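The opening position of the sequence shown corresponds to residue 1 in UniProt numbering, with each subsequent residue numbered one higher.
Notes follow the structure.
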Amino acid sequence: MRINGLTLQNFRNYKELNMDLGNGVNVFQGENAQGKTNVLEAMYFCAFGRSHRTSKDKELVRWGEDSARIKLHIERERLDKDIDIFILNDGKKSIGVNKIRIKKMGDLIGVLNIVMFSPEDLKIVKESPSLRRKFLDMEISQLDRKYYNALVSYNKVLNERNSLMKNKRMDRNMIDVYDHQLVDSGLYIMKQRMNYIRMLNSKGKDIHHEITSGRENVEFIYVPSVPYSESMKDDFLMNLSKNREKDMEKGNTSVGTHRDDFIININGVDVRSYGSQGQQRTAVLTMKFASLGIIKDIKGEYPVLLLDDVLSELDLSRKKFILKSIENIQTVITCTGVENIEDYLTGDYRLFNVTDGSLTWKED
Numbered sequence: 001m002r003i004n005g006l007t008l009q010n011f012r013n014y015k016e017l018n019m020d021l022g023n024g025v026n027v028f029q030g031e032n033a034q035g036k037t038n039v040l041e042a043m044y045f046c047a048f049g050r051s052h053r054t055s056k057d058k059e060l061v062r063w064g065e066d067s068a069r070i071k072l073h074i075e076r077e078r079l080d081k082d083i084d085i086f087i088l089n090d091g092k093k094s095i096g097v098n099k100i101r102i103k104k105m106g107d108l109i110g111v112l113n114i115v116m117f118s119p120e121d122l123k124i125v126k127e128s129p130s131l132r133r134k135f136l137d138m139e140i141s142q143l144d145r146k147y148y149n150a151l152v153s154y155n156k157v158l159n160e161r162n163s164l165m166k167n168k169r170m171d172r173n174m175i176d177v178y179d180h181q182l183v184d185s186g187l188y189i190m191k192q193r194m195n196y197i198r199m200l201n202s203k204g205k206d207i208h209h210e211i212t213s214g215r216e217n218v219e220f221i222y223v224p225s226v227p228y229s230e231s232m233k234d235d236f237l238m239n240l241s242k243n244r245e246k247d248m249e250k251g252n253t254s255v256g257t258h259r260d261d262f263i264i265n266i267n268g269v270d271v272r273s274y275g276s277q278g279q280q281r282t283a284v285l286t287m288k289f290a291s292l293g294i295i296k297d298i299k300g301e302y303p304v305l306l307l308d309d310v311l312s313e314l315d316l317s318r319k320k321f322i323l324k325s326i327e328n329i330q331t332v333i334t335c336t337g338v339e340n341i342e343d344y345l346t347g348d349y350r351l352f353n354v355t356d357g358s359l360t361w362k363e364d
C-alpha cells in the first residue's frame, strides 16, 4: 500500500499543496510550528475520518477560510483508491471514496491502513486504561469492519443504559434489553481484542528481543472486566445484574468491555508501574512495529507508517532499529533536522523541507 498523491487546500497552515510521495522513506524536515505534523494529520484523517490532535474538525480549516479539502491517492495491490474530504468551518464534513460519498464512517476505515507513532504514544503505557483500549480499537477497526460496527453499537447502548440509570423511574425491563445488547456487542469486542493481544505477543516477542539485544522479554496480558470462560455470556449478564443497584446509584455502568485493560510486562514486571522510561518507549515501539506485521499478515500488504517527531526521543540503537525495519514500508517521518537523519538512510528516500506551510524537496 502506498500514498502516491496528496493535495491540501486551506488545511491548517497550507493554502495550497500538491505533492507526490516517494515509495520509500519520506522525511519532512523543518523547525517547529512550520507544518510538518499537519501533513501527517491529513493522512491520518483520510484513514480514520478524524484528527489525532483535536476532536474539533473546524480547527483544521485555515483561519479565515470557509472550508478545507484533502485529496489523497492510494496505490494498492488489488485496487487503487481515491479519498476526497471536505471540511467546513462549522465542523461538518463530507467524505468520498472513488467519487462515491460515504454515509457511515465505518465505510472509510480500512481503505487506507496506517500505523502512527508519536511521542504522545508513551501515554499508552503510562496512563489510563482508556488509552490502551483506544490503541486496540484503532488497530482492530482497520482490520475488521464488524469490530468497528460492534464498537459503535456497544457505545450507543452503553450511553442509553447510563442515561436510564440516572432516571429513578426507570423501566427495569428496558434495562434487561440493554444488558443483552451490551453483551452481544461486548463479547465480540472482547474476543477480537484477546485475539489481537495474542498476535501482539506472537509478533512482539522477536521485535522486542531485537531492540533490546535479547536482554528483555515482553508479554501482553488482556484483563477483561468479566473473566473469559465458556459461560462468559451468562457471566457477563450476571455481573451486569449483580451491579445494577450500584450502577443506579452512580448513574453509570460498572461492568463491560469499556472497563477492560491490558498489562505490558517486561521480564515479568509491569512496565507501567516499575519500568524505566526507556523500557516504556521500547514497549510502545514493539507494539507499533508488531501492528505493522499484523496488518501485513491479514491485509497482504504493509500499511503506511507515520513517525511524528520520534527519532529525537530515541537512543541510537532504537533509531537504527526503526530505520532498518522500514526498508519495504512507505514511511513518512517528521524531524527538526538536528537528528542528521540522512546519515542513517541508505535506501530510497525523499527529503522535504518545510517552512511556514510551504514545501521544497529533492530526490536522492
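For each residue, glycine too, the CB sits at the ideal point set by N, CA and C.
Since we're looking at a predicted model, the values are computed, not measured.
Kindly indicate which three-state DSSP category D348 falls into: helix, strand or coil?
Look at D348 here: in three-state DSSP terms it is coil, with no helix or strand label.
From the DSSP secondary-structure annotation, give me the bridge partner or partners of F135.
For F135, which the question treats as bridged, DSSP gives no partner whatsoever.
Go through its chain and collect everything with a Cβ distance to K203's Cβ below 7 angstroms, but skip five positions before and after it.
A290, G293, I294
Go through the stretch 5 to 52 residue by residue and report every complete run of the beta strand (DSSP E) that reaches 3 residues or more, in order.
14 to 20, 25 to 29
Going by DSSP, what residue range makes up the beta strand (DSSP E) through Y196?
Premise fails: Y196 lies in the alpha helix (DSSP H), 172 to 211, not in any beta strand (DSSP E).
Quick check on E41: buried or exposed, where buried means 16 or more other Cβ atoms within 10 Å of its Cβ?
buried
So who's on the other strand from E75, going by DSSP bridges?
Bridge partners of E75: R2.
So N38 packs on Y14, CB below 8 angstroms; how close in whole Å?
6 angstroms between Cβ atoms; contact.
Decide if E26 is buried, meaning its Cβ has at least 16 other Cβ atoms within 10 Å, or exposed.
In the sequence as presented, Glu is not what sits at residue 26; that position holds Asn. Buried is the call here.
Name the residue from D206, M199, E219 whose alpha carbon lies nearest to the alpha carbon of G268.
E219
May I ask you to list the residues that DSSP assigns as paired with L359?
V354
Could you pull the DSSP bridge partners for I266 from this structure?
V218, V269
Taking K166 as the reference, give the member of S231, G186, R244 with the closest Cα.
R244
V61 bridges to which residues according to DSSP?
F11
Have a look at N162 and H258 and give me their C-alpha separation to the nearest angstrom.
12 angstroms
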